[in-house]
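When we follow the working numbering, the leftmost residue of the sequence shown carries the number 69, and every step to the right adds one.
Yeah, the Cβ is synthetic: ideal placement off N, Cα and C, and Gly gets one too.
Predicted, not measured: the structure shown is a model, and the values here were computed from it.
The block underneath contains the structure these notes are about, expressed in structure tokens.
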Amino acid sequence: MEIQYLENSLSPQDFIRLRIAVGRTATPPLLAEAALRTGLYHISACCDGKTVGMGRLVGDGAMYWYIQDMAVLPEYQGRGIGKNIVERLLQHVYQNTLDGSFTTVGLMAAQGKEGFYEKLGFKAIPDDNSGAGMVRYIEKK
């Protein structure tokens, strides 16, 4: 199984399909298109021409970044795809952080997925209504 990681090439249709596949609500196509167009950066994972995972960065692109819409098709989970997507997103943040400064990367983990993000350096911030809010600080020297 060879996975290709593509930058800023996710289609609104694949965005919607992946969200539904991991139990999120369907997004209207125009909203999906706008989200992809106005977001800062996104990565998609493809296997044999099929999009099997995604992750997006939103925020101000300077001080605050948020990982949104992380999704990997259930049948492809546990193969390192999600980890690779997050690492690529974090690399983009690092490359766009000013020398001598730091930035904050936040996310809202789905319940039960907090451990996945903790392994990648995020810290849990408990919340009674959903999975933990999490944050990771990246400092570029």
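When DSSP states are grouped into helix, strand and coil, residue 170 belongs to the strand group. Counting C-beta pairs with one atom in each stretch, the segment 124-136 and the segment 173-181 have three or more that are closer than 8 angstroms, which means they touch. For residue 161, the enclosing alpha helix (DSSP H) has its first and last residue at 149-163.
For residue 134, the pairing in a beta bridge is given by DSSP as 126 and 174. Annotation for residue 93: 87 place their beta carbon closer than 8 angstroms to its own, counting only its chain and skipping 5 residues before and after. Using a C-beta cut-off of 8 angstroms, the segment 73-88 makes contact with the segment 105-119, since at least three inter-stretch Cβ pairs fall below that distance.
In this structure residue 171 does not touch residue 202 by the C-beta definition: roughly 15 angstroms separates them, more than the 8 angstroms allowed. Residue 143 and residue 208 have their C-alpha atoms spaced approximately 36 angstroms apart.
Ranking 118, 181 and 140 by CA distance to the CA of residue 153 puts 140 first.
Taking all protein chains in view, the Cβ of residue 105 is surrounded by fewer than 16 other Cβ atoms within 10 Å, so the residue is classified as exposed.
The residues 177 and 202, in chain order, have a CB closer than 6 angstroms to that of residue 185 in the same chain once the five nearest residues on each side in sequence are set aside.
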